[in-house]
Amino acid sequence: MSACGPALGLLLLLLCPAQVFSQSCVWYGECGIASGDKRYNCRYSGLPKPLPEDGYDLVQELCPGFFFGNVSLCCDVQQLRTLKDNLQLPLQFLSRCPSCFYNLMNLFCELTCSPRQSQFLNVTAMEDYVDPVTNQTKTNVKELQYYVGESFANAMYNACRDVEAPSSNEKALGLLCGKEAEACNATNWIEYMFNKDNGQAPFTITPVFSDLPAHGMEPMNNATKGCDESVDEVTGPCSCQDCSIVCGPKPQPPAPPVPWRILGLDAMYVIMWSTYMAFLLVFFGAFFAVWCYRKRYFVSEYTPIDGNIAFSVNASDKGGPSCCDSLGAAFEARLQRLFAQWGSFCVRHPGCIVFFSVAFIAACSSGLVFVQVTTDPVDLWSAPGSQARREKEYFDTHFGPFFRTEQLIIQAPLTQPHVYQPYPSGADVPFGPPLAIDILHQVLDLQTAIENITASYDNETVTLQDICLAPLSPYNKHCTIMSVLNYFQNSHSVLDHRVGDYYFAYADYHTHFLYCVRAPASLNDTSLLHDPCLGTFGGPVFPWLVLGGYDDQNYNNATALVITFPVNNYRNDTEKLQRAQAWEREFINFVKNYKNPNLTISFKAERSIEDEINRESNSDVFTVLISYGIMFLYISIALGHIKSCSTFLVDSKISLGIAGILIVLSSVVCSLGIFSYIGIPFTLIVIEVIPFLVLAVGVDNIFILVQTYQRDERLQGETLDQQVGRVLGEVAPSIFLSSFSETVAFFLGGLSVMPAVHTFSLFAGMAVLIDFLLQITCFVSLLGLDIKRQEKNRLDVLCCVGGAADRAGIQASESCLFRFFRDAYAPLLLKDWMRPIVVAVFVGVLSFSIAVLNKVEIGLDQSLSMPDDSYVTDYFQSLNRYLHAGPPVYFVVEGGHDYASLKGQNMVCGGLGCNNDSLVQQIFTAAQLDNYTRIGFAPSSWIDDYFDWVKPQSSCCRVYNSTDRFCNASVVDPACVHCRPLTPEGKQRPQGADFMRFLPMFLSDNPNPKCGKGGHAAYSAAVNILGNGTGVGATYFMTYHTVLKTSADFIDAMEKARLIASNITRTMGLEGSDHRVFPYSVFYVFYEQYLTVIDDTIFNLGVSLGAIFLVTVVLLGCELWSAVIMCITIAMILVNMFGVMWLWGISLNAVSLVNLVMSCGISVEFCSHITRAFTVSTKGSRTERAEEALSHMGSSVFSGITLTKFGGIMVLAFAKSQIFQIFYFRMYLAMVLLGATHGLIFLPVLLSYIGPSINKAKSLAAQERYRGTEREQLLNF
């Protein structure tokens, strides 16, 4: 409520025409009724009269400058009482700055009681009045002129213009000037206070501003106090928050970082381009040097190089095998023998192996009865020990969990803007479409209908009243509804309230709206309406929370209305939480089905995002099933080598393929079951990602094993089990290398603190390990059975049905893809002219990816998690378009601070006497730099409002003199006395026991017209009073972030808030103590991960690469250089993944990091088999060894991973979910294409250039092992 209005009313009553005497009045006493309870003053032109002694206390309190001599004044005791009553609200808002209030009191005291009134007051209109008690005829003063010194007016304004109203985050003048604080100045402020149209003054006083005498009048030009001056010896100057002069110049944000540029271009682009050019120069220079050398010594560059010459040129390993060669060969031989013996055993005892495999799967899978699925977003994205998680727990424990939010954003697309023309004068005011009266009535109907929604839970009816946030309950059970209609008390009649005649409206809803957006905490709009602005729930409704789409602070131009229903959240009460969710379900259904052609509604309930994610997952199940179905179909068909149509059902391996797929899926289920036994919950990302990963790993191994057997010729005298064992001995070390590398890498990835990555890594590592174990046991046995079926000419699938005739054996066969790789692709790729082109292209792509590495965006746009057709998507779009305030942020002071001491108070408060670097002052300063700090408003300060509330000059803090119980300001009872005496000591802030004595009263006091500072609604949840009432525990000071739209905005806001809180902690001297200051907002727990996501990415990928390197070195038999080359290739794949992410608009977050960790594992499949095949090759030159490795392993890798995945991935492009399209389709496609191109193109070329020398021990061992057999010829392939 405007404080200036009441004060003006009193001033008007005091005016009266008089002659210009040094001691002469214009009025004395009160006469007739002007309006309501307001009275005119009685005209009196005589000398000042002595004030009765019962008025001495009042004059000392209000106008101490007049308390001298016999205290002769131009006012009586009743006029002083009226002045005190009318100045209660200005006192509550402006007394924070004593010099401001001193000047204001000077203005009103001189008007009301000055013994020299006639010098500056000129009565211009009077009327007779008959006193009904004495029947005496008196004269009412109806109009007058008040000559005010222009210097005085400006000084008073300058002293008051910065004073804050802590509870409403506004300048106090915005509540007292009739317009925005920015538009207020000295003259229009005083004119508004003296204008009877403000609803407070009984008649109009016309201020005349002049520093010089005019029309025989001497302007009132008393001495003033600046806000940086003390009023007396007791009080100090105003605080920095209320007086910018005390603060000094406005702080400036640090300059933004200068972009790193070279020659005006992005530095990374220039550096990588220069590096790439230098590489090409050196590489092609070396290439042509070698070409010239070869031409000179070998006659022609096209002359074939025989093995001996090549060996001597490409290797420097003359002589016998080295120690490492021998060790590697021995380790390789030992692995081969071990796996060969195991393979033979599995083929000989398939029943036993399959039985125990099924039993193992059943035992592990039974753990699913204990399965726990994490769906809580907090658990999904925030580590339990993270700072944000700990702070959330602290906030929830001490203040209750942040409320649930149901919100609507409403537009009126068919309604045109209109113009309000104030009567009788004033500039036209445009109003936006949703502020038309008919639209407001329709929105109120909608709001009322939502309030009346009922839901059913456990056979009980649930209403909004049962779950809503009602801060004044049980005294006031009105739900908190943040709506512009709460300015009108959510009432059609108040909305239609107008004062006027048949032709003109003197005041209507326009008038009330324009006042309330400036003074949302007012209980009287000071217009002719006199309607309250304070919400029915007892708190202010800030315009930036309920209006959208306006420009600057012109709330009347709003193009959208925002209605928010805060609902209680429940931390440890599942039943109450489910009741709230049941009501939210009905709310969603109601709004979805609501039809009104005049309104466009975007909305969201607290449960909406989780509901839509579940709906999205269900809607994309069919797409995912098709994707896996295509992969399964391909695997089942591609495993078989069909020689003719007549033997199709015999040569096919559909049943074996299905068995292999079931083994892969069983490994996933076993992983889930094992961790369910342990009690580790899994997340949806595990179900979505791990099957794709294990399918890639498992199918690749299946293809390698089956296709190697199909190309193998059974040796003379060799049995089936011996042949399968020998084949397994050849390929199992390679499978073991890839699988064990991935397992170790994933398990080490479990060290990550990011919950999504941690959970994925554990489950993935276990699934890959189990998949490997089942493949070398169960699948090998099933392969043996399938071979026996084929040899007996029995049909696939229908294995009991025989073919035309039994076949003695199966002839070795080579697939078309194998022949293509051996005869065409490998020779072409490794030609001398092709290899440099490959290196140049891949190094160029790598250079580009490094250049854009630091440009990949961080974060996750929450709208991406919604289906394309979701109503929440519309809500997010409206939110970004219309929102004018960000999320609330609470600066929490942990328990332990001493609020009862003067020192402790000064560290925190923002008013008179407080430190210039106090908590409130630092947040206030941050709000002045909102574009930098992301703090949008000054904080609501419970302690500053408490100090204003408890002042003895205020009528807020009163107690019954007999019981010492609290007496509300609205109570009229002579037994109610001020809490504190009107003495110099009483005017000081309460400390010690006094502080704690009155604080509970403040927190229980409801705002009313006599006292707008009651803290029940605003602060009852903000202050923890210790159980014995002897101290204050944790407290918070709330403000709002600026509008936050992108992930970068949210991350920056959290960083800046933490920086501010850290600085407050330091300046309060709390470093090293048991309590501190920290910021809390509901989104911090989700966005904290992005503060460290770069470090987490480096750690996880680095650990994975390190694990792969170590395992590869060991399992390749100390082939250090081979491990280095393989890890370099994998690292290139990962770096290029970042390049694709930048090109394709994929941000770095927990989901993409999981995919990056997975791509590291899949890259092992693409690279390890080729690398190992190269190391065991006994060909003469590196090029020939690379060609042999690519020929034998390339086709299996290509068919086992690339083709398998490609078909399934393409289906994901048709998913409805944006998150599937971006983070699964795009990233999966990128990892498969990059893995295939690097593993099947770049890696063989790199090995042909700088691959490790031949292991002589392995070469000699191979020659000895196959001497005299048909395989001896293959060594010279």
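The letter at position 901 of the sequence shown is residue 901 when you use our numbering, and the numbering goes up by one with no holes. From the three backbone atoms N, C-alpha and C, an ideal C-beta is built for every residue, glycine too.
- Look at the region 181-235 and you find these whole runs of beta strand (DSSP E), each 3 residues long or longer: 205-209.
- Nearest to GLU606 by C-alpha distance, out of VAL624, PHE587, VAL347, THR623, is PHE587.
- In the three-state reduction of the DSSP assignment, GLU857 falls in the coil class, being assigned neither a helical nor a strand state.
- Rounded to whole angstroms, the gap between the alpha carbons of TYR157 and GLU229 is 15 Å.
- Here DSSP, grouped into helix, strand and coil, assigns ASN701 to helix.
- The region 726-738 makes contact with the region 330-338: 3 or more CB pairs, one atom from each, lie closer than 8 Å.
- Of all C-beta pairs linking the region 73-92 to the region 126-133, fewer than three are shorter than 8 Å, placing the two stretches out of contact.
- When the beta-carbon positions are compared, PRO755 and ALA388 stay at least 8 Å from each other.
- For the pair PHE120 and TRP189, the Cα-to-Cα distance works out to about 19 Å.
- One alpha carbon belongs to TYR269, the other to LEU1243, and they sit about 26 Å apart.
- Around the C-beta of PHE622, fewer than 16 other C-beta atoms lie within 10 Å, and the residue is accordingly described as exposed.
- The beta carbon of ILE439 lies closer than 6 Å to those of ALA412, THR415 in the same chain, with the five residues before and after it left out.
- Taking a C-beta distance under 8 Å as the contact criterion, SER1191 and PHE821 qualify as a contact pair.
- Within the region 51-95, the runs of alpha helix (DSSP H) that reach at least 4 residues and sit entirely inside it are, in chain order, 56-62, 77-86, 88-94.
- About 30 Å separates the CB atoms of LEU1059 and ILE1025; that is not less than 8 Å, and the two are not in contact.
- Bounds of any alpha helix (DSSP H) do not take in THR461; it lies within the beta strand (DSSP E) bounded by 460-463.
- Here ARG116 carries a coil assignment [DSSP, helix/strand/coil].
- Per DSSP, PHE1242 lies in no alpha helix (DSSP H) segment and is marked neither H nor E.
- Segment contact: the region 1170-1177 against the region 1116-1133, three or more CB-CB distances shorter than 8 Å; contact assigned.
- Between PHE740 and LEU1115, the beta carbon gap of about 7 Å places them in contact (Cβ cut-off 8 Å).
- The way I'd put it, the region 670-688 does touch the region 758-776; three or more beta-carbon pairs between them come closer than 8 Å.
- Annotation for PRO434: ILE410, GLN411, ALA412, THR415, LEU440, VAL443, ALA558, THR559, ALA560, LEU561 place their beta carbon closer than 8 Å to its own, counting only its chain and skipping 5 residues before and after.
- DSSP lists LEU73 as the beta-bridge partner residues of LYS49.
- In the DSSP assignment, the residues bridged to PRO566 are THR405.
- Under the three-pair Cβ rule at 8 Å, the region 228-245 counts as touching the region 907-916.
- For LYS1056, there is no enclosing beta strand (DSSP E); the residue is found in the alpha helix (DSSP H) stretching over 1047-1067.
- Distance check between SER608 and each of LEU599, ALA582, ILE626, GLY1239 places ALA582 closest, using alpha-carbon atoms only.
- Where ASP128 is concerned, the enclosing beta strand (DSSP E) starts and stops at 121-130.
- The region 978-1043 contains, as complete alpha helix (DSSP H) runs of 4+ residues, the segments 992-1004, 1016-1019 (chain order).
- Under DSSP, THR454 forms a beta bridge with THR463.
- About 6 Å separates the beta carbon of GLU164 from that of ALA938, a gap short enough to meet the 8 Å contact definition.
- Bridge partners of PHE603 according to DSSP: LEU408.
- Taking 8 Å as the cut-off, the beta carbon of ASP771 is found no closer than this to the beta carbon of SER676.
- Shown here for LEU472: same chain residues with a beta carbon closer than 8 Å to its own, the five before and five after excluded, namely HIS478, PHE537, GLY538, ASN1006, HIS1016, ALA1017 in chain order.
- At the C-beta level, VAL1245 and VAL838 come within 8 Å of one another.
- MET105 has no beta-bridge partner at all, per DSSP.
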